[in-house]
Amino acid sequence: MRIDPANPVPPTGIVRRIGRDQVPDHVPPELVFEPGLTYGPEFLADPHKFMAEMHGKYPPVFYNVGPFGNMWSVIKHEDALFVLRHAELFSNEDATPFPRDPAEWFYFIPIEIDPPDHRKYRNIVDPIVSPQGVLKLEDRIRALANDLIDDFIDKGECTFDEAFGRPLPVLVFLDLMGLPRAMCDTFVSWAMALLHSNDRQIMGDTLKTIGDYLKTAIAEKQASPDDGLVSRIVHAEIDGQPISEREAFGFVTFLFIAGLDTVFATLNLIWVWLAQNPERRQEIIDNPDKINAVVEELLRVHSVTFSGRTVAQDVTLRGIQLKKGDKITSILPACNFDPGVFPNPTEVDFNRPKKIILAFTVGVHSCMGAHLARLEVKIALQEWLRRIPEFRMKHGFKAEYRPGGVVGPETVPLVWDVALIP
Ligand code: HEM
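Everything in the sequence shown is counted per our numbering, starting at 388 for the first residue and increasing by one.
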């Protein structure tokens with residue numbers, strides 16, 4: 388069905404299938420698997436190892452069944468490129484799992500909007516988050532990184548996620564949105580409940596809480612415009628008409644969800660790796676001119692999320708019949724470990740030939756915050772390694788992951804010798 392952003396309605400004709408009992412007839416039984424992706428014990432023990440090893444264990448395209456929904460899954464880089472680049476075959480209708488009140492339906496914008504309407508929304512925000520746009524934020528991000536480090540450097544230890552990994556991207560994001568920094572912890576707890584509970588009741592209640600807050604923020608920006616993204620969206624025009632209340636709400640709400648957890652999870656993963664690989668840390672320090680390649684490679688092996696689509700018309704992929712209404716997900720971290728594209732895929736190699744990485748996807752829905760995220764990771768690496776070049780995980784550390792659509796360790800306790808601080 389064509390999505391009409393101005394008249395949001397709950398998806399029709401899309402069946403939410405759950406479990407083995409609800410595998411459609413056109414799915415060959417030999418392609419049905421239950422890997423426990425995002426929730427099973429084997430996955431949670433080491434999610435990225437699990438996703439790298441999927442290449443030896445599952446067919447390139449398989450039907451993934453589980454308690455949170457059944458879907459086709461693709462793990463090959465080229466298949467993900469095909470799915471993500473063909474919006475006419477793979478729609479973003481019903482692309483997010485977040486429950487909403489059917490009587491007050493709204494779309495998460497831009498993620499649930501298909502072309503051509505999708506571009507109208509991206510045009511509102513893209514100039515601010517373009518490569519040139521985010522460069523304007525560089526000095527502020529660098530200053531914030533240093534302020535955060537000042538708070539704990541002399542202690543010889545920190546809980547990285549709380550002291551740096553979370554506040555750095557979240558405070559930058561709140562400044563960008565024009566939302567108050569004082570709400571940082573509250574916003575993060577809402578995002579965590581929404582993205583990691585896997586309980587539709589909790590997700591629905593949390594979304595309502597977030598929505599109530601954002602409605603007030605939107606009303607404030609309507610009355611008193613400022614330079615933030617919320618204000619920019621609220622005062623935007625679509626096809627020469629003021630953006631509607633529902634559109635503005637859906638756009639601001641999705642941005643809020645997308646911007647809070649992803650960089651945080653990425654930084655946490657990267658810092659665990661850095662702490663456990665001192666010689667590779669030194670390699671980064673010794674090669675400052677390679678920093679962009681370093682960021683790209685670290686994002687490849689530590690990508691944190693997935694891309695879900697709905698099949699818009701019957702189509703064949705690798706000889707397999709996908710039917711209109713089927714769900715399909717690109718397992719982006721697995722695609723980034725595709726050995727056919729990235730030889731020795733789990734090896735971190737800063738000298739790899741340049742290839743498309745799928746941390747942020749490609750195609751019309753490629754991540755709107757990708758340039759900001761890359762800049763944040765780069766600055767975090769530069770400033771942290773300049774000031775705390777030697778550090779390790781606290782004794783007895785064992786990474787723990789919680790189920791959900793954004794993958795990262797729960798907590799990252801670090802220690803260092805204060806005497807070795809340069
Ligand atoms: C390392 C950090 C990040 C990662 C790994 C990431 C990943 C992704 C991915 C994979 C998608 C595509 C989803 C799909 O195709 O279904 C996406 C979309 C999006 N991301 Fe990010 N993201 C990150 C940071 C951010 C930040 C900081 C923001 C906000 C400033 C943001 C805003 C968005 C938006 C608005 C979309 C939807 C784009 C569209 O539908 O056109 N992301 N992100």
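Ideal placement from N, C-alpha and C gives every residue a C-beta, glycine not left out.
Contact check for threonine 649 and valine 793: beta-carbon distance about 6 angstroms, within the 8 angstroms limit, so the pair qualifies. For the pair leucine 555 and leucine 531, the CB atoms are nearer than the 8 angstroms cut-off. When distances are taken from the beta-carbon of serine 690 to the heavy atoms of the ligand HEM, the shortest one is below 7 angstroms. Under the three-state reduction of DSSP output, proline 446 falls in the coil class, being neither helix nor strand.
Two segments are said to touch when three or more pairs of C-beta atoms, one from each, lie closer than 8 angstroms; by this definition the segment 767–779 does not touch the segment 703–714. Apart from the 5 residues on each side of it in sequence, valine 764 sits with its Cβ closer than 6 angstroms to the Cβ of Val682 in its chain, given in chain order. Taking C-alpha positions only, leucine 566 is separated from aspartate 408 by approximately 45 angstroms. Cβ contact annotation for isoleucine 671 (same chain, cutoff 7 angstroms, sequence separation greater than five): Val681, Leu768 and Leu772, in chain order. The secondary-structure analysis by DSSP pairs phenylalanine 420 across a beta bridge with Asn451.
Nearest neighbour of histidine 782 by Cα position, chosen from Asp466, Gln669, Thr546 and Asn394, turns out to be Thr546. Cβ-Cβ separation between arginine 705 and proline 447: approximately 6 angstroms, consistent with a contact (criterion under 8 angstroms). Glutamate 632 is positioned such that its CB atom lies no closer than 8 angstroms to that of isoleucine 625. Nearest to isoleucine 766 by C-alpha distance, out of Phe724, Leu535 and Ser690, is Leu535. With contact defined as three or more Cβ pairs closer than 8 angstroms, the segment 792–809 and the segment 649–662 are in contact. When secondary structure is reduced to three states using DSSP, glycine 783 falls in the coil class, being assigned neither helix nor strand. In the structure shown, the three-state DSSP call for phenylalanine 724 is coil. Residue environment for aspartate 488: exposed (fewer than 16 other C-beta atoms within 10 angstroms of its C-beta).
Placement of the Cβ of serine 460 at a distance of 7 angstroms or more from every heavy atom of the ligand HEM is found. Annotation for cysteine 754 indicates a beta carbon within 7 angstroms of some heavy atom of the ligand HEM.
Not one heavy atom of the ligand HEM sits closer than 7 angstroms to the Cβ of serine 631.
Residue side-chain check: isoleucine 401 keeps its Cβ at 7 angstroms or more from all non-hydrogen atoms of the ligand HEM. Bounds of any beta strand (DSSP E) do not take in glutamate 797, whose DSSP letter is neither H nor E.
Around the beta carbon of threonine 653, 16 or more other beta carbons lie within 10 angstroms, which makes this residue buried. Residues Glu797 of the same chain have their beta carbon placed closer than 6 angstroms to that of glutamate 787, with the five preceding and five following residues left out of the count. Proline 434 is classed as buried because its beta carbon has at least 16 other beta carbons within 10 Å across all chains shown. It is roughly 51 angstroms from the alpha-carbon of aspartate 538 to the alpha-carbon of alanine 699.
Two segments are said to touch when three or more pairs of C-beta atoms, one from each, lie closer than 8 angstroms; by this definition the segment 388–405 touches the segment 498–507. Here lysine 714 is bridged, per DSSP, to Thr697.
Distance between valine 559 and glycine 646, taken at the CA atoms: about 10 angstroms. Taken from the Cβ of phenylalanine 747, at least one heavy atom of the ligand HEM lies inside 7 angstroms. With a contact defined as Cβ atoms closer than 8 angstroms, proline 732 and phenylalanine 724 qualify at about 4 angstroms.
With contacts defined by Cβ atoms closer than 8 angstroms, leucine 594 and proline 486 form a contacting pair. Residue side-chain check: threonine 425 keeps its Cβ at 7 angstroms or more from all non-hydrogen atoms of the ligand HEM. In this structure, asparagine 457 sits away from leucine 424, with a CB-CB distance that is not shorter than 8 angstroms. When secondary structure is reduced to three states using DSSP, leucine 468 falls in the helix class. When the beta-carbon positions are compared, serine 717 and alanine 474 stay at least 8 angstroms from each other.
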